[in-house]
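Remarks on the structure that follows.
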Amino acid sequence: MESYGGEDEESAAVLRTVGKVVKMCRERKALTQAELGTAIGYSEEQVSSVERGRRAPKAQFLEAADRVLDAGGMIAGLTKDVEEARYPKKVRDLAKLEGEAVEICAYDNSVVNGLLQTEEYLRAVFGSRRPAFSEEEVEQRVAARLARQTIVDAKRMIPAFSFVHDEAALRRRVGGRMVLRRQLERLLDIGQRRNVEIQVLPMDREDNAGLGGPFHLLRLREGTTVGHNEVQRTSRLISEPKEVQILELRYGVIRAQALPPRESLAFIEKVLGET
Numbered sequence: 025m026e027s028y029g030g031e032d033e034e035s036a037a038v039l040r041t042v043g044k045v046v047k048m049c050r051e052r053k054a055l056t057q058a059e060l061g062t063a064i065g066y067s068e069e070q071v072s073s074v075e076r077g078r079r080a081p082k083a084q085f086l087e088a089a090d091r092v093l094d095a096g097g098m099i100a101g102l103t104k105d106v107e108e109a110r111y112p113k114k115v116r117d118l119a120k121l122e123g124e125a126v127e128i129c130a131y132d133n134s135v136v137n138g139l140l141q142t143e144e145y146l147r148a149v150f151g152s153r154r155p156a157f158s159e160e161e162v163e164q165r166v167a168a169r170l171a172r173q174t175i176v177d178a179k180r181m182i183p184a185f186s187f188v189h190d191e192a193a194l195r196r197r198v199g200g201r202m203v204l205r206r207q208l209e210r211l212l213d214i215g216q217r218r219n220v221e222i223q224v225l226p227m228d229r230e231d232n233a234g235l236g237g238p239f240h241l242l243r244l245r246e247g248t249t250v251g252h253n254e255v256q257r258t259s260r261l262i263s264e265p266k267e268v269q270i271l272e273l274r275y276g277v278i279r280a281q282a283l284p285p286r287e288s289l290a291f292i293e294k295v296l297g298e299t
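Position in the sequence shown counted from 1, then plus 24, gives you the working numbering.
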């Protein structure tokens, strides 16, 4: 179980609700916190922390409590809510928008896009952050990013994906040579999917409309488009039509400047061979 740091009220409210449900079911069975803890393999202090909404219980805790307290799925059914409550609010908000998108476009010039990162690559990305994340913060962010990646599913054709990477992002040895090699192999694999286009903007191009930094565009089902960028600890959703229009124009130019998808995959194979 993880201590909850109170990053946002929405997560805190979820954990308080979970705690109340566990307490209600425990008291209905006339068990003390210590007795419940013994029955499910946790300490009295851990049970108390969950009931007070101070800890996010793992799935094993919820499943065991549900079974011992004869809750009929009431407690175990909260697992997904607890998992989402562990993620930072900005990640939950972005994941929700991605789930409503019919098309996701992204330009990245420093590292491989987060939706495409292997676990070892993304761990290296978070591990290089300064000041350093704590182990708990790293695990939280790793879990959140892996959860977001489920949207890139070969069995689904919606949303459509367009990724443009600056060549520098493909050559930076994040995590070391072998980590980068496996990351490039993943790009080649994902790039074969019919709803995914991956393009590369070579460094020898004289023009690069993406020098201002990475950004995303999410085209939503109802017809609107929002932008998103994350730079130096600032994560911002962009909904102002004039700002979104600028990003759309910029992304169109970046795609035109980049290699076509087929040539881009050949370029990634070349970089893989040189890595």
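Yeah, the Cβ is synthetic: ideal placement off N, Cα and C, and Gly gets one too.
- Under the DSSP assignment, residue 262 falls in the beta strand (DSSP E) whose first and last residues are 258-262.
- Taking 7 Å as the cut-off, the beta carbon of residue 292 is found no closer than this to the beta carbon of residue 188.
- In the same chain as residue 123, and ignoring 5 residues on each side of it, the C-beta atoms closer than 7 Å to its own belong to 175, in chain order.
- Across the structure, residue 201 and residue 177 are spaced so that their CA atoms are roughly 27 Å apart.
- The C-beta distance from residue 38 to residue 109 rounds to 4 Å, short enough to fall under 8 Å.
- Between residue 140 and residue 214 the beta-carbon gap is near 6 Å, inside 8 Å, which marks them as a contact.
- In this structure, the alpha-carbon of residue 226 lies about 25 Å from that of residue 144.
- A distance below 7 Å between beta-carbons, with the five flanking residues on each side excluded, links residue 66 to the following residues of its chain, in chain order: 85.
- The beta-carbon distance between residue 251 and residue 262, rounded to whole angstroms, is 4 Å. This is short enough to meet the 8 Å contact definition.
- Bounds of the alpha helix (DSSP H) holding residue 74 are 68-75.
- Using a 10 angstroms sphere on the CB of residue 286, the tally of other CB atoms stays under 16, which defines it as exposed.
- By the C-beta density criterion, residue 216 is exposed, having fewer than 16 other C-beta atoms within 10 angstroms.
- DSSP places residue 230 outside both helix and strand once states are collapsed to three, so it counts as coil.
- Boundaries of the beta strand (DSSP E) harbouring residue 223: 220-225, taken from the DSSP string.
- Taking the C-beta atoms as reference points, residue 184 is found nearer than 7 Å to residue 127.
- A check of alpha carbon separations from residue 106 across 172, 191, 197, 82 identifies 82 as the nearest.
- Distance between residue 218 and residue 181, taken at the CA atoms: about 8 Å.
- Where residue 243 is concerned, the enclosing beta strand (DSSP E) starts and stops at 239-244.
- Taking a 10 Å sphere around the C-beta of residue 194, we find 16 or more other C-beta atoms and assign the residue as buried.
- According to DSSP, residue 133 shares a beta bridge with no other residue.
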